[in-house]
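Novice: Let me give you the structure first, and then I'll get to my questions.
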Amino acid sequence: MAMNLRVPEDLNRRLDQLAAEEHTSKSALLLQGAELVLQRHHRTRDIGEGLDFVLSHDAELLTRLEDA
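When you read off a place in the sequence shown, starting at 1, and then add 1, the result is the number in this note's numbering.
Right, dumping it as structure tokens:
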């Protein structure tokens, strides 16, 4: 799917530089960046869900440990 993206000039210049260094395209770099954003979002969500699970299922244990 095609998409138009407006990139600030400074970012565009930095992407050009990195693309040249990495011997790749700016498009490939932006796709990698998008993938990293999605991975970070999912990881943050998973950690939050895990913490919520522990807090709800082990609340009594955590209270006992707090008092120890």
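Even glycine gets a Cβ: it sits at the ideal position worked out from N, Cα and C. Since we're looking at a predicted model, the values are computed, not measured.
Give every residue of the same chain whose Cβ lies closer than 8 Å to the Cβ of L31, excluding the five residues on either side of it in the sequence, and list them in chain order.
Specialist: Your numbering for residue 31 matches position 30 in the sequence shown. Closer than 8 Å at Cβ, skipping near neighbours: L6 and L16.
Novice: Three-state secondary structure (DSSP) at H58?
Specialist: Within the sequence shown, the letter at position 57 stands for residue 58. H58 falls in the helix class under three-state DSSP.
Novice: Given this structure, state the Cα-to-Cα distance separating E36 from E61, to the nearest angstrom.
Specialist: Reading the sequence shown from its first residue, position 35 is the one you call residue 36. Reading the sequence shown from its first residue, position 60 is the one you call residue 61. When rounded, the distance between both Cα atoms is 39 Å.
Novice: In whole angstroms, what is the alpha-carbon distance linking E23 and Q33?
Specialist: Within the sequence shown, numbered from 1, the residue matching residue 23 stands at position 22. Within the sequence shown, numbered from 1, the residue matching residue 33 stands at position 32. The C-alpha of E23 lies about 13 Å from the C-alpha of Q33.
Novice: Identify which residue in D59, A3 and Q18 has its Cα closest to the Cα of E10.
Specialist: Against the sequence shown, residue 10 aligns to sequence position 9. Minimum Cα distance to E10 is reached at Q18.
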